[in-house]
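What follows is a short report on a single structure.
Numbering (the UniProt record's numbering), first residue to last: 1 to 895.
Rendered as structure tokens:
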């Protein structure tokens with residue numbers, strides 16, 4: 001093939017280009033092109049405006065009359081286009097009273113927190129989430145961007161972060177044997193308790209159901225997480241117990257009664273609200289604002305609640321002194337390792353043996369001297385301040401001990417290993433890793449940076465040694481020192497402004513001695529291990545940090561593209577993971593469940609009666625006796641003639657039930673061979689031994705999986721299928737299920753008559769008000785003509801106020817009567833519809849992992865015996881707002 005010839009003679013071609021260009025000839029030859037371009041600019045052929053040419057995701061309806069919603073580079077042209085059709089008139093500037101701002105925003109925030117507690121990330125969440133008030137906290141419920149599938153993708157493939165700092169931490173210190181013996185009485189002794197060897201060394205976090213004293217198997221309180229302090233030279237042992245706020249008071253009452261704790265009298269005298277005293281100071285002198293801010297930050301330490309007993313045991317309520325984040329997803333470790341940096345130990349020297357005993361006292365004394373030192377670190381040269389800071393830093397003093405340096409080296413090696421892991425699931429279950437990290441604000445990226453999945457194949461799956469869990473975060477003096485010496489973002493920005501080149505590692509002004517060191521804990525949370533889900537699905541990392549440091553760490557993780565979630569995401573994780581041991585999930589036999597259920601019932605009833613009468617679902621006709629509340633006691637009484645009940649948590653009995661149910665998996669629609677002969681499925685079924693179950697008044701946790709169409713919702717009823725239902729499903733595998741017959745509503749006519757009578761009363765009262773008003777107006781006009789000064793308008797207002805109360809009483813009485821007629825008191829559940837009710841679905845929705853509707857619920861044990869007698873695990877599920885039963889499969893959940 002011949003090579004392509006060159007054009008220029010200098011490059012081997014044949015044409016010789018001139019050395020200069022005649023401009024007149026060049027412009028003359030291009031004149032027609034220039035004229036065509038000018039004509040096309042002056043006479044555009046396109047009919048769309050600039051704001052109509054934007055991509056769909058950038059368009060806003062308000063752009064047509066508000067240029068500030070356009071991109072900056074297009075505003076000027078957009079304004080010129082809008083001027084041709086007439087700009088909208090400028091609105092009058094609103095009054096200065098239109099939006100009043102508080103004189104001191106921080107004081108306003110303190111006032112709004114008197115009846116509820118804000119998390120440290122509250123303001124960040126309030127701008128992006130729907131906030132809800134629960135358990136005395138303001139908690140983010142769900143994000144505003146309606147990102148349900150995106151949140152699931154974050155859990156499955158990326159990382160979802162949640163602020164769960166509303167969990168309360170209780171610290172109990174005392175002799176080890178006494179702690180184990182006392183706490184053991186609140187556990188199921190057939191399983192791992194607080195005193196299990198796997199937990200005592202502090203290398204793993206435990207989770208168990210906490211009962212009232214000697215209450216197993218009844219009287220549960222809730223699931224708690226606990227962590228033992230690593231062994232040291234002290235004769236006393238310390239345990240941290242993390243409690244969900246929905247049963248926090250029940251837990252505290254049980255522990256106080258069991259340990260015989262008494263509130264320390266010295267602490268009760270010192271429990272003063274510093275924010276109130278600061279408000280008075282701020283009114284007297286405006287220069288106290290800076291002191292007020294420090295006082296508010298230390299407010300949690302002023303309310304120091306401590307209990308003691310006669311056996312040298314102490315209980316301290318560490319509310320709001322520790323923050324806890326949960327990073328769920330395979331990229332959790334990548335985000336943590338990218339966001340955090342460990343300090344360097346090269347500058348630290350070991351102390352002589354005679355001076356090591358003084359280290360603890362130095363750490364205690366430094367808490368009172370470091371507050372003044374923060375401002376000098378920013379104003380003076382970093383080299384000068386680094387020397388004094390190194391002497392007073394808790395980190396330098398703590399790590400001058402030889403044993404503490406060994407701990408840190410082990411943790412540093414383990415941190416390097418974490419960078420090579422692909423998922424938290426590769427770590428041992430519930431493992432505890434302690435780290436001391438630098439202030440993450442010094443290493444924040446300029447923009448959001450997505451963490452990429454690590455594709456390296458790690459040949460070393462870590463089994464962390466016992467030294468990996470040693471952390472100074474257990475020391476209250478260190479926690480207080482770290483919180484009180486938190487540098488503000490302004491101070492850090494001043495340090496950054498001295499950089500000639502942006503960054504930390506390329507500038508000499510940055511010294512680790514001026515960067516705060518924060519002790520943290522990493523706790524692994526195992527995910528799913530079932531066959532139907534990915535191995536390690538929903539595995540997570542919990543990070544525990546001292547108070548005051550929530551926002552620096554939170555923003556650092558957010559800038560690494562961790563997706564934030566709220567309470568709704570926690571519930572979806574429980575549903576996808578089938579995790580009944582989560583503290584967020586309350587069993588029906590707990591007091592926390594009853595309180596939550598009653599609150600939910602009131603909220604849903606208020607929402608129900610906000611609808612007009614012709615838009616309300618008639619639950620009586622649908623055969624739903626209790627649409628907003630699960631009547632477990634009535635259901636249990638109808639099956640067993642007993643009112644009390646408890647949830648069966650014996651794993652041996654649950655496994656026996658699960659084996660029996662799984663052997664009865666229905667082969668309906670699939671158990672015919674080509675010749676039409678049926679297999680004898682029941683010949684291989686092992687009989688269920690009912691004598692193994694000591695009590696019949698048990699609720700069994702189950703999973704409901706819809707076979708065809710449909711999705712179970714909360715409060716759905718689980719029913720036993722009839723023989724005809726099983727035959728229909730056997731003959732037609734696409735059969736969707738039976739339909740509930742319409743029942744008669746005995747109160748329908750009574751409601752209509754009462755509504756007519758009530759409307760007549762309202763009309764009569766309105767006519768009376770109109771006549772009274774007109775009569776007073778006529779008298780007012782007559783008096784004005786006579787020149788009288790009597791003002792009948794004020795008299796009319798007073799008369800109206802007196803008549804409002806009786807009228808309001810009539811309306812409230814009518815609302816109560818109509819409420820009882822629409823939702824009559826529940827008296828039966830089992831036979832409330834065409835099929836016998838076995839139980840309820842307490843949480844149900846569409847599952848993204850299984851691509852169908854699933855639900856978590858409970859059924860009565862005798863009804864499960866009836867189901868096994870039928871030889872299959874097919875049940876019927878019906879939502880409260882429909883007549884259609886859905887075919888579903890029932891599986892036993894082993895908690």
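Quick reminder that beta carbons are idealized off the backbone N, C-alpha and C, glycines included.
- Task: Use the C-beta contact count for residue 45: other C-beta atoms within 10 angstroms, 16 or more gives buried, fewer gives exposed.
- Result: Taking the first residue of the chain shown as position 1, residue 45 is located at position 45. Around the CB of residue 45, fewer than 16 other CB atoms lie within 10 Å, so the residue is classed as exposed.
- Rank 594, 639 and 437 by C-alpha distance to the C-alpha of residue 522 and give the top, closest one. Sequence index remark: in the chain shown, residue 522 carries index 522 (1-based). Comparing alpha carbon positions, the residue from 594, 639 and 437 closest to residue 522 is 437.
- Query: In its own chain, which residues sit with a C-beta less than 6 Å from the C-beta of residue 209, not counting the 5 before and 5 after it?
  - Reply: What you label residue 209 is simply residue 209 of the chain shown in a count that begins at 1. Same-chain partners within the cutoff: 220 and 223.
- Task: For the beta strand (DSSP E) containing residue 141, list its first residue and its last residue.
- Result: On the chain shown, residue 141 is found 141 positions in, with the first residue counted as 1. Looking at the DSSP string, the run of the beta strand (DSSP E) that includes residue 141 is 137-143.
- Item | Residues of its chain near residue 179, where Cβ-Cβ distance is below 7 Å and the 5 sequence neighbours each way are ignored | For the purposes of this step, residue 179 is taken as residue 179 along the chain shown, with counting starting at 1. Answer for residue 179: 172, 237 and 239, listed in chain order.
- Query: Buried or exposed: where does residue 860 fall if 16 or more other Cβ atoms within 10 Å of its Cβ makes it buried?
  - Reply: Position 860 of the chain shown, counting from 1, holds the residue named residue 860. Flag for residue 860 reads buried.
- Query: Looking at residue 838 and residue 867, is the spacing between their C-beta atoms short of 9 Å?
  - Reply: As a first step, residue 867 is located in the chain shown; it is residue number 867 there, counting from the start. As a first step, residue 838 is located in the chain shown; it is residue number 838 there, counting from the start. The criterion of a C-beta distance shorter than 9 Å is satisfied by residue 867 and residue 838.
- My understanding is that residue 473 touches residue 519, with C-beta atoms under 8 Å, so please give their C-beta distance in whole angstroms. Counted from its first residue, the chain shown places residue 473 at position 473. Counted from its first residue, the chain shown places residue 519 at position 519. At roughly 4 Å, the Cβ-Cβ gap stays under 8 Å, so residue 473 and residue 519 are in contact.
- residue 704 and residue 878 closer than 9 Å at C-beta: In the chain shown, residue 704 corresponds to position 704, counting from 1. In the chain shown, residue 878 corresponds to position 878, counting from 1. The Cβ atoms of residue 704 and residue 878 lie no closer than 9 Å to each other.
- Query: By the 10 Å Cβ neighbour count, where 16 or more other Cβ atoms means buried, how is residue 206 classified, buried or exposed?
  - Reply: Residue numbering aside, residue 206 sits at position 206 when the chain shown is read from its first letter. So residue 206 ends up on the buried side.
- Task: Specify the secondary structure class of residue 632 as computed by DSSP and reduced to three states.
- Result: For this step, residue 632 is matched to residue 632 along the chain shown. It is helical.
- Item | Residue nearest to residue 863 in terms of C-alpha spacing, selected from 33, 639, 655 and 73 | By 1-based counting over the chain shown, the position of residue 863 is 863. Comparing Cα-Cα distances from residue 863 to each of 33, 639, 655 and 73, the minimum goes to 639.
- Item | Whole-Å CB distance - residue 702 paired with residue 892, under 8 Å assumed | As a position in the chain shown, residue 702 is number 702, starting the count at 1. As a position in the chain shown, residue 892 is number 892, starting the count at 1. Going by Cβ atoms, the distance from residue 702 to residue 892 rounds to 6 Å, so yes, they are a contact pair.
- Item | Paired residues, beta bridge with residue 748 - DSSP | Start at 1 with the first residue of the chain shown, and residue 748 comes out as number 748. In DSSP, residue 748 forms no bridge with anything.
- Helix, strand or coil at residue 413 according to DSSP, with G and I counted as helix: As a position in the chain shown, residue 413 is number 413, starting the count at 1. Correct three-state label for residue 413: helix.
- Item | C-beta atoms of residue 176 and residue 200 nearer than 9 Å | Counting from one through the chain shown, the residue named residue 176 turns up at place 176. Counting from one through the chain shown, the residue named residue 200 turns up at place 200. Yes.
- Message: Considering only the alpha carbon of each residue, which of 530, 822 and 409 lies closest to residue 615?
- Response: If you number the chain shown from 1, residue 615 lands on position 615. Checking every option, the nearest Cα to that of residue 615 belongs to 822.
- Assigned exposure category for residue 343 - 16 Cβ within 10 Å defines buried: Numbered from 1 along the chain shown, position 343 holds the residue referred to as residue 343. Counting Cβ neighbours within 10 Å, residue 343 comes out buried, since at least 16 surround it.
- Query: In this structure, does DSSP put residue 305 in helix, strand or coil?
  - Reply: Position 305 of the chain shown, counted from the start, is the residue given in the question as residue 305. Note: residue 305 maps to coil in three-state DSSP.
- Query: What did DSSP end up calling residue 697 once you bin it into helix, strand or coil?
  - Reply: What you label residue 697 is simply residue 697 of the chain shown in a count that begins at 1. DSSP places residue 697 in the coil class of the three-state scheme, outside both helix and strand.
- Message: Let me confirm a value: residue 573 is counted as buried when at least 16 other C-beta atoms fall within 10 Å, else exposed. Which label applies?
- Response: The residue given as residue 573 occupies position 573 in the chain shown. Residue 573 counts as buried, since no fewer than 16 other beta carbons sit within 10 angstroms of its beta carbon.
- Hey, is the stretch 538-547 in contact with the stretch 558-567, meaning 3+ C-beta pairs nearer than 8 Å? No, because fewer than three Cβ pairs between the stretch 538-547 and the stretch 558-567 fall closer than 8 Å, the two stretches do not touch.
- Mapping DSSP to helix, strand and coil, what is residue 203? On the chain shown, position 203 is the one that residue 203 refers to. When DSSP states are grouped into helix, strand and coil, residue 203 belongs to the coil group.
- Residues near residue 214 in its chain [Cβ-Cβ closer than 6 Å; skip 5 each side]: As a working note, residue 214 is residue 214 in the chain shown. Hits under 6 Å: 185.
- Item | Of the listed residues 736, 795 and 748, nearest to residue 884 (C-alpha basis) | The count along the chain shown starts at 1 and reaches residue 884 at position 884. Scanning 736, 795 and 748 for the CA closest to the CA of residue 884 turns up 736.
- Task: Just tell me which of 621, 304, 334 and 612 has its CA closest to the CA of residue 834.
- Result: Sequence index remark: in the chain shown, residue 834 carries index 834 (1-based). Measuring from the Cα of residue 834, the nearest candidate turns out to be 621.
- Locate the beta strand (DSSP E) running through residue 162, then write down its first and last residues. Reading the chain shown from its first residue, position 162 is the one you call residue 162. Start and end: 160-163.
- Answer yes or no: the CB of residue 192 versus the heavy atoms of the ligand ATP, is any distance below 8 Å? Within the structure as shown, the ligand ATP is missing, as the structure has no ligands at all.
- Following the continuous beta strand (DSSP E) through residue 170, name the residue where it begins and the one where it ends. Position 170 of the chain shown holds residue 170. That run of the beta strand (DSSP E) goes 168-174.
- Comparing alpha-carbon positions, which option in 306, 567 and 431 lies nearest residue 167? Position 167 of the chain shown, counting from 1, holds the residue named residue 167. Comparing C-alpha distances from residue 167 to each of 306, 567 and 431 shows the shortest one belongs to 567.
- Under 9 Å between the Cβ atoms of residue 577 and residue 528? The residue given as residue 577 occupies position 577 in the chain shown. The residue given as residue 528 occupies position 528 in the chain shown. Yes.
- Tell me, please, which residues DSSP counts as bridged to residue 542. Indexing the chain shown from 1 puts residue 542 at position 542. Its beta-bridge partners are 326 and 523.
- Message: On the criterion of 16 or more Cβ atoms from any shown chain inside 10 Å, does residue 12 qualify as buried, or is it exposed?
- Response: Residue mapping note: residue 12 aligns to position 12 of the chain shown, counting from 1. Looking at its Cβ environment, which holds fewer than 16 other Cβ atoms inside 10 Å, residue 12 is exposed.
- Could you give the DSSP three-state label for residue 443: helix, strand or coil? Here residue 443 corresponds to residue number 443 of the chain shown, with the count starting at 1. Three-state result, residue 443: helix.
- Message: Cutting at 7 Å between CB atoms, please list the residues of its own chain near residue 745, excluding the five before and the five after it.
- Response: Here residue 745 corresponds to residue number 745 of the chain shown, with the count starting at 1. By the criterion of a C-beta distance shorter than 7 Å, residue 745 is surrounded in its chain by 618, 620 and 621, once the five residues flanking it on both sides are discounted.
- Item | Span of the beta strand (DSSP E), counted from its first residue to its last, around residue 226 | As a position in the chain shown, residue 226 is number 226, starting the count at 1. Going by DSSP, residue 226 is part of the beta strand (DSSP E) stretching over 220-228.
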